[in-house]
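In the numbering used here, the protein residues as written are -14 to 287. Virtual Cβ for every residue (Gly too), placed ideally from N, Cα, C. Computed from a prediction, not measured in an experiment: that's the story for all the values here.
In structure tokens form, the structure reads like this:
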């Protein structure tokens, strides 16, 4: 069991009154599975995880796990609690519910010390038998040196991957592999905008938003075919736009929702506040990428 290739981060749809749209979420999960996606991350920043209640998180995860039955889709369930006690409880819950991996977003609130972060991650690793992925997001605070994370793999065999989100991530990826003697594998975050350099450094996969999963899978196919010129050409058709959107997290979240709603995958593009209003330029860019995705689908079905 390994996470490779395109592993989208699932959005959470809301009704226009701000309530979670569970039916749209299930439809979105079915669409992701129908594309042939092998794994997903839930919950991530793109899921508006910080804006969800515990009851909503558990119900959404139950829907996802039920929907994926028989599909082979691997589910990475993310634990982002600031408290180690709560994080351990949640990780155990997700394990018992049937998640395949646990993802840890280390605490950053009020600048915890390296020792406190180490305790937090170690507590979760010790509490579950599932393979674990730890996010390295230095620009978000918390762990600066990715080597501090790799050291934990010497004690905990279930630390299997590090999601490298330094910007750019290539040096972190190489450092993880070097320090762990390639025992710990790596993923690329940040919308996959550094896919080329990250893959060259040895990363196994990327975790972009989910609204254009078909475009990422389309690009991945040329990568798997070892057709580098075609891979570069395909990425050039959409990654520059993603690079613009990801300048601020709320813009990326709103753009993802807009694309999903315009494609009819979810009913509403509502985002819980704090959020942003998309510019007309971003909407035009989004519609252009939707058109590209539709043209690819049409070509494949001929």
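Coarse secondary structure for residue i, derived from DSSP in three states
i, result
"residue 286", "Here residue 286 scores only 49 on pLDDT, less than 50, and its place in the model is too uncertain to base an answer on."
"residue 103", "helix"
"residue 76", "helix"
"residue 67", "coil"
"residue 84", "coil"
"residue 245", "helix"
"residue 117", "strand"
"residue 275", "helix"
"residue 89", "strand"
Alpha carbon of residue i to alpha carbon of residue j, nearest angstrom
i, j, result
"residue 286", "residue 280", "The predicted position of residue 286 is uncertain, since its pLDDT is 49 and thus under 50; a value taken from the coordinates is nonetheless stated next. Their Cα atoms are separated by approximately 10 angstroms."
"residue 12", "residue 100", "42 angstroms"
"residue 144", "residue 269", "42 angstroms"
"residue -12", "residue 91", "20 angstroms"
"residue 93", "residue 128", "8 angstroms"
"residue 175", "residue 223", "14 angstroms"
"residue 105", "residue 264", "40 angstroms"
"residue 46", "residue 28", "9 angstroms"
"residue 21", "residue 41", "26 angstroms"
For residue i, the nearest candidate out of the options (CA to CA)
i, options, result
"residue 76", "111, 34 and 31", "111"
"residue 227", "274, 184 and 257", "274"
"residue 86", "115, 139, 107 and -4", "115"
"residue 124", "152, 53 and 174", "152"
"residue 225", "177, 234, 150 and 215", "177"
"residue 131", "149, 58 and 193", "149"
"residue 282", "271, 202 and 231", "202"
"residue 255", "141, 33 and 28", "33"
"residue 103", "37, 135, 1 and 74", "135"
"residue 218", "140, 204 and 230", "204"
Beta carbon proximity, residue i to chain D, threshold 8 angstroms
i, result
"residue 69", "Judged by its chain identifiers, the structure shown contains no chain D, having just a single protein chain."
Ignoring anything shorter than 4 residues, give me the alpha helix (DSSP H) runs that lie fully in the segment -13 to 59, in order along the chain. 7 to 19 and 39 to 52, all fully within the segment -13 to 59.
Check whether the segment 55 to 62 touches the segment 80 to 99, counting contact only when three or more Cβ pairs, one atom from each stretch, lie closer than 8 angstroms. With three or more CB-CB distances shorter than 8 angstroms, the segment 55 to 62 counts as touching the segment 80 to 99.
Are the segment 242 to 254 and the segment 163 to 176 in contact at 8 angstroms, needing three or more beta carbon pairs? With the cut-off at 8 angstroms, the segment 242 to 254 and the segment 163 to 176 do not touch.
Within the chosen definition, does the segment 182 to 201 reach the segment 9 to 29 through at least 3 CB pairs nearer than 8 angstroms? Of all C-beta pairs linking the segment 182 to 201 to the segment 9 to 29, three or more are shorter than 8 angstroms, placing the two stretches in contact.
Does the count of Cβ pairs from the segment 249 to 263 and the segment 3 to 12 closer than 8 angstroms reach three? Taking 8 angstroms as the limit for Cβ pairs, the verdict is that the segment 3 to 12 does touch the segment 249 to 263.
In chain order, which continuous runs of the alpha helix (DSSP H) of length 4 or greater are located wholly inside the segment 166 to 214? Counting whole runs of 4 or more residues, the segment 166 to 214 contains the alpha helix (DSSP H) stretches 180 to 186 and 198 to 209.
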